[in-house]
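S.K.:
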Amino acid sequence: MNDEKQKCQKCGSENIMMVEYTHDHPEHYDGASEIECRDCGAHFGRWSGKELAEGEVEPRYGTVRA
Ligand SMILES: [Zn+2]
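FYI, this note's numbering numbers position 34 of the sequence shown as 88, with every residue one higher than the one before it.
(1) Cutting at 6 Å between CB atoms, please list the residues of its own chain near R114, excluding the five before and the five after it.
(2) Does at least one heavy atom of ligand 1 sit under 6 Å from the Cβ of K64?
(3) How would you call C65, buried or exposed, if buried means at least 16 neighbouring beta carbons within 10 angstroms?
(4) Spatial neighbours of H97 within its chain, please: CB distance less than 6 Å, with the 5 preceding and 5 following residues excluded, ordered by chain position.
(5) DSSP three-state label for G109, please.
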């Protein structure tokens, strides 16, 4: 991770928060898995960087296990 400030890739807002999945979540990771924008409500994968649709989750390390 670099220490550059994270921004929403959709609206450019810096008003974001890191989302951590709960321990009983299938893709639980000990740390944040998603970045959520508090302004436009978009979610982005922490590793993939892609926008997540409603209900879509970021797999651990951005890769789906076989
Ligand atoms: Zn945004």
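Positions of the beta carbon are idealized from the N, C-alpha and C atoms, including for glycine.
M.R.: Inspection of the coordinates gives the following:
(1) Cβ neighbours of R114 beyond the five flanking positions: E81 and Y83.
(2) Yes - ligand 1 has a heavy atom lying nearer than 6 Å to the Cβ of K64.
(3) exposed
(4) E88, E90 and L106
(5) The answer is coil: DSSP assigns G109 none of H, G, I, E or B.
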